[in-house]
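Protein chains in written order, with the working numbering: chain A, 291 to 582; chain B, 94 to 348. Each residue gets a CB set at the ideal place from its N, CA and C atoms; glycine is no exception.
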Amino acid sequence: MSWSSSNYLCLSSSSSVTQFSRCKLPCESEGQRGKCQDLNRATNISAYNSLKPPSFKLDKGQRRNDHVLKKPRNISAYYSLKPPPYKFDALEPYMSKRTLEVHWGEHHRGYVESLNKYLGKDDILYGYTLDELIRVTYNNGNPLPEYNVAAQVWNHDFFWESMQPGGGNLPILGLLEQIEKDFGSFSNFREEFIETALTLFGSGWVWLVLKRNEKRLAIATTTNAVTPLVWDDIPLLSLDMWEHSYYLDYKNDKARYVNVFMDHLVSWNAALARMARAQSFVNLGEPKIPVA
Amino acid sequence: MVMASVTTIASHLTSTFLYAPEFCRLSQSLHTSQRPCTRKSVSGTISANIDLKPPPYALDALEPHMSKETLEYHWGKHHRGYVNNLNKQIEGTELDKMSLESIILASHNKGDILPAFNNAAQVWNHEFFWESMKPGGGGKPSGELLELINRDFGSFEALIQEFKLAATTQFGSGWAWLVYDLEDKKLVVLKSSNAINPLVLGSYPLLTLDVWEHAYYLDFKNLRPDYISTFLDKLVSWDAVSSRLEAAKVSIEGK
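Rendered as C-alpha cells:
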C-alpha cells in the first residue's frame, strides 16, 4: 500500500472541535502543481486505509476547505502568568485576598505582559527558559531593558511558592539541621532574617540562599529586581519587600508584615524541596566515600 | 571646586528659600493655610533636632486627588519615621549640629553613603514634595518659568511628556525631578532612585514627584501613570516652582 502525499492529514482546531482535513502542501499553491509529483514519488508511506479522512456532508453554503487553517496562528505569548499554588483567599488573614488580587493580578501580570511585549519586538531573546533569560539579560551587571521585567516574573513565581496556607512554624529534617549548623539556631536565623528585611531601604527582596562556593546557607538582600540567580547562588526562600507587597494589609508597618510572614506564611516545605534539589549541585556534607 | 560650589548652593538653598522668612510669607500668600510662619532661620540658631515640618495645607486639602488617608500615612508615618530615625542616628555625632542640607552632603560622602544619608535625604525630599503641591494646583506655569520651559523643552506639553516618562520609568522606588542645571543654566528633567536628590547631583531642584509606592498605593494601587497625571493636572504648584527658579537665579548671580 502506498499513501500518496495527497492524503496527508492536517489537524486543525477551530474552537473546541478538532477536524481532520487535507493539508495544503507548499507545492500545491497556485502555479506549482507540477512540482508535487516529485514529492509523490519520494514519499512511500503505507497507511492509506486507517488514515482515510472521515467524509462529512457539507451544510448548504459551506465550502470544503472551511475547516483548514488558512494561515498559521500568531504566537503572541512567550511566557505565561503562573497562578499561585493556592486560592487567593487561602492566605487570609495574613495576606488578604485583595493583596493577592492586585499583587498577582496587576503587578505580576503586568510584568508578564511587558516581557511578552519586549520579546515580541525582536526574536533575538527567543527560546530561553526564564532562568536563562534572566542570566542573559542581566548581562553581568549591565542589564538590558528586558532584565527587570523578566526577573520580576521569576521573582514573583518564586515568592508565591515560598508561601503556603498554614505556613510558618519550624523547618524540619535536613533544612533545620542546616539552618542550625549555619546560623547557630533557628531563632538566630529568624532574628537575622527579620532584621535584614527591616533594614532594606527602598524596593527589593530578602532571600534565604544556598551559597554554592561556600556550601552554606545565608541571608541575602537584593534591590529592585535583582535575584541570587545572577551570581549563581541557589535561592530557597524569598520575601517581597516592595511596598506593593504589604501596603494594602499593613501600610507602613513593615515589622508586622515580616513577622507574620515568618510565623504564618513561609513554606518550609517548599524550602526543603528546593534544598533537596540544590543538593544535586552542591555537596553540603562530607561525601560518603565507601571504604574498599 | 565643584563640591565647594555645590555646598554653597546647598546652604544658599537653605537660607534663601526653604527656611527664609521671605519664603514663609510668600508661601502664606500662595496658600490659604492659617499656619503662622514659625520656621527658624538656620543661619542664626542651629537646632540639635531636625523638625517634622507639616505640609503647608491641611491633610485633607488635596482631596479628592490625594486622599487624607494618604497624607496621614505618608506624612504622619513615613515622613515622621524618617525624621525620628534621623534624629536617633545623628544624636551625639558630629552631624548633630548641622543643617539638614549639610547632613545630606556630608553623609552622601561622594557616593559612598553613610547610614544617615537615606533618612536625611528622605526628610528633605518629603518637605520639598509637600511644598511642590497645593490645593487647586495644576494648570500651566507663567512668566519666566514658562519662557524657560519653552526654551529648554520646546513646549509645555513636551515638558509634561518628559516628566511623565521619567516618573513612569523610574523602576522601584525613587523620585522624578525638574531641576535647574547651574552649569548649563537650563531646565532638566531627572529621575533618581530611593533617596538620591539633586542636591548631591549638583543641580538646583525646582519640582519633585514621589514615586515610591507608598505615595500612591492607597489611592491608585498599581496605577502609577494615573497618579502622575493627577499630580500634573491637579496638584502641582507652579508658583512654588517659579519662586524656586527665582532663588536659583539669585544664587547664581550671587557667586
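Sequence ranges, beta strand (DSSP E) only - wholly within the region 438-523 of chain A, length at least 3 | DSSP runs (the beta strand (DSSP E)) wholly in the region 438-523 of chain A: 494-501, 506-513.
Just tell me which of E396/A, V548/A, E403/A has its CA closest to the CA of G458/A.
-> The shortest Cα separation from G458/A among E396/A, V548/A, E403/A belongs to V548/A.
At 7 Å on the CB atoms, spell out the chain B contacts of V392/A, in chain order.
-> What V392/A touches in chain B: K314, N315.
Can you tell me the Cβ-Cβ gap for Y384/A and V550/A, rounded? I've got them flagged as a contact below 8 Å.
-> Contact between Y384/A and V550/A is confirmed by a C-beta separation of about 5 Å, below the 8 Å threshold.
Going along chain B, which residues have a C-beta under 8 Å from Y408/A?
-> At a C-beta separation below 8 Å, Y408/A has no neighbours in chain B, since its nearest C-beta there lies roughly 14 Å away.
Taking three-plus beta-carbon pairs below 8 Å as touching, is the region 470-489 of chain A in contact with the region 407-415 of chain A?
-> The region 470-489 of chain A and the region 407-415 of chain A do not touch, with fewer than 3 CB-CB distances between them shorter than 8 Å.
DSSP beta-bridge partners for T301/B?
-> DSSP, once it has assigned bridges, lists W270/B as partnering T301/B.
Using a cut-off of 8 Å between C-beta atoms, extract the partners of F264/B located in chain A.
-> Chain A residues near F264/B: N438, N514, A515.
How about L119/B: is its C-beta nearer than 8 Å to some C-beta of chain A?
-> With a pLDDT of only 41 at L119/B, under the threshold of 50, the placement of this residue in the model should not be trusted, and no figure is reported.
Mind checking which residues open and close the beta strand (DSSP E) that includes K372/A?
-> Boundaries for K372/A: no beta strand (DSSP E) harbours it, and the DSSP string shows neither H nor E there.
Do the region 148-155 of chain B and the region 183-190 of chain B meet, that is, are 3 or more Cβ pairs less than 8 Å apart?
-> With the rule of 3 Cβ pairs closer than 8 Å, the region 148-155 of chain B does not count as touching the region 183-190 of chain B.
CB contact check: L529/A to chain B, cutoff 8 Å | At a cut-off of 8 Å between C-beta atoms, L529/A does not count as an interface residue with respect to chain B.
Would you call the region 434-441 of chain A and the region 389-409 of chain A in contact, with 3 or more CB pairs under 8 Å?
-> Touching, yes, given that three or more Cβ pairs across the two stretches are closer than 8 Å.
Determine whether the Cβ of S493/A lies closer than 8 Å to any Cβ atom of chain B.
-> With respect to chain B, the C-beta atom of S493/A has a partner C-beta closer than 8 Å.
Cβ separation of K544/A and L488/A, assumed to be a contact under 8 Å, to the nearest whole Å = With a contact defined as Cβ atoms closer than 8 Å, K544/A and L488/A qualify at about 6 Å.
Considering only C-alpha positions, which residue in the set S225/B, Y297/B, A288/B is nearest to F491/A?
-> When each option's Cα is compared against that of F491/A, the closest is A288/B.
Would you mind sorting D530/A into buried or exposed? The rule is 16 or more other CB atoms within 10 Å of its CB.
-> Buried, by the Cβ-count rule.
Going by C-alpha distance, which of V520/A, Y369/A, A380/A is nearest D447/A?
-> Selected option, being the one with the closest Cα: Y369/A.
Starting from the beta carbon of Y537/A, find every residue of chain B whose beta carbon is closer than 8 Å, and list them in chain order.
-> Ordered by position in chain B, the residues that pass the 8 Å Cβ test against Y537/A are E306, H307, Y310, L311.
Taking E396/A as the query, report the chain B residues whose CB atoms sit under 9 Å from its CB, ordered along the chain.
-> Within 9 Å Cβ-Cβ: K314, N315, L316.
Check distances from the C-beta atoms of the region 157-177 of chain B to those of chain A and list, in chain order, the residues that come in under 8 Å.
-> Residues passing the 8 Å Cβ filter: Y166, K170, H171, G174.
Is any beta-carbon of chain A found at less than 8 Å from that of N211/B?
-> Closer than 8 Å: yes.
Quick one: is V516/A buried, meaning 16 or more other Cβ sit within 10 Å of its Cβ, or exposed?
-> Buried.
Near S349/B, which residues of its chain fall below 6 Å by C-beta distance, leaving aside the five closest residues on each side in sequence?
-> Residue 349/B lies beyond the residue range present for chain B, which begins at 94 and ends at 348; the question has no answer from this structure.
Whole-Å CB distance - P374/A paired with W450/A, under 8 Å assumed | Here P374/A really is in contact with W450/A; their C-beta atoms are around 4 Å apart, less than 8 Å.
Beta-bridge partners of V392/A, as assigned by DSSP = According to DSSP, V392/A shares a beta bridge with no other residue.
How about Y166/B and L338/B: do their beta carbons lie closer than 8 Å?
-> No, the pair does not count as a contact, with Cβ atoms beyond the cut-off.
Can you find a C-beta in chain B that's less than 8 Å from the C-beta of E533/A?
-> Cβ-Cβ to chain B under 8 Å: yes for E533/A.
Quick one: any contact between the region 556-571 of chain A and the region 453-473 of chain A, if contact means 3 or more CB pairs under 8 Å?
-> Cβ pair count under 8 Å is three or more, so yes.
Give the residues of chain A in contact with S285/B, contact being defined as C-beta atoms less than 7 Å apart.
-> None at all; the shortest Cβ gap to chain A is about 11 Å.
CB contact below 8 Å: N542/A versus chain B | Yes, because at least one Cβ of chain B sits closer than 8 Å to the Cβ of N542/A.
Taking the alpha-carbon positions, what's the S330/B to V272/B distance?
-> One C-alpha to the other measures close to 15 Å.
On the three-state DSSP scale, how would you describe M226/B?
-> M226/B: strand per DSSP, three-state reduction.
Cβ of G400/A within 8 Å of any chain B Cβ = It does: the Cβ of G400/A has a partner Cβ on chain B nearer than 8 Å.
Going by C-alpha distance, which of D379/A, R502/A, Q454/A is nearest L575/A?
-> The question names Leu, but residue 575/A in the sequence shown is Gly. By alpha-carbon distance to G575/A, the top candidate from D379/A, R502/A, Q454/A is R502/A.
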